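S.K.: Quick one: the structure is below, questions incoming.
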Amino acid sequence: MPHKRKKILFVDDDVTLLEVLRHLMGKLAGGAWEIFTAADVSQALGVLQERRLDLVVVDLHMPVVDGLQFLNLLQR
Numbered sequence: 002m003p004h005k006r007k008k009i010l011f012v013d014d015d016v017t018l019l020e021v022l023r024h025l026m027g028k029l030a031g032g033a034w035e036i037f038t039a040a041d042v043s044q045a046l047g048v049l050q051e052r053r054l055d056l057v058v059v060d061l062h063m064p065v066v067d068g069l070q071f072l073n074l075l076q077r
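Quick note on this note's numbering: the sequence shown kicks off at 2 and runs consecutively.
Given below as structure tokens:
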């Protein structure tokens, strides 16, 4: 029985870090994870509306809406 790929979203305002995370996590997982990235809360909400994710990793120190505010939005 094939395993379902886990879907993980990384949210961070550092675009370079997001690129590194996507590359490294993709290699480490050997294709077991589907990696999504978002550079701000607006992009993250778009990804969340389109996909059912298994894990969301959020930077706590982002401009405009920080990580904790974003998590509060998700709880509503």
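Even glycine gets a Cβ: it sits at the ideal position worked out from N, Cα and C.
All figures in this text were calculated on a predicted structure; none of them were measured in a lab.
Quick one: give me the first and last residue of the beta strand (DSSP E) that Val16 is part of.
M.R.: In the sequence shown, the residue the question calls residue 16 occupies position 15. If you look at Val16, you'll find it isn't in any beta strand (DSSP E); it sits in the alpha helix (DSSP H) that goes 16-30.
S.K.: Considering Ala45, what are the terminal residues of the alpha helix (DSSP H) in which it resides?
M.R.: Stepping through the sequence shown from its first residue, residue 45 is reached at position 44. Note, Ala45: alpha helix (DSSP H), 42-51.
S.K.: For Val59, which of Leu74, Glu51, Leu69 has the nearest alpha-carbon?
M.R.: For the purposes of this step, residue 59 is identified with residue 58 of the sequence shown, where counting begins at 1. Here the closest residue by C-alpha is Leu69.
S.K.: Helix, strand or coil, according to DSSP, for Leu61 in the structure here?
M.R.: As a working mapping, residue 61 is identified with position 60 in the sequence shown. Three-state result, Leu61: coil.
S.K.: Which residues bound the alpha helix (DSSP H) around Leu74?
M.R.: Here the question's residue 74 lines up with position 73 in the sequence shown. Residues 68-76.
S.K.: Does the distance from the C-beta atom of Thr38 to that of Leu22 stay below 9 angstroms?
M.R.: Taking the sequence shown and counting its residues from 1, the one referred to as residue 38 is at position 37. Taking the sequence shown and counting its residues from 1, the one referred to as residue 22 is at position 21. Yes, the Cβ-Cβ distance between Thr38 and Leu22 is below 9 angstroms.
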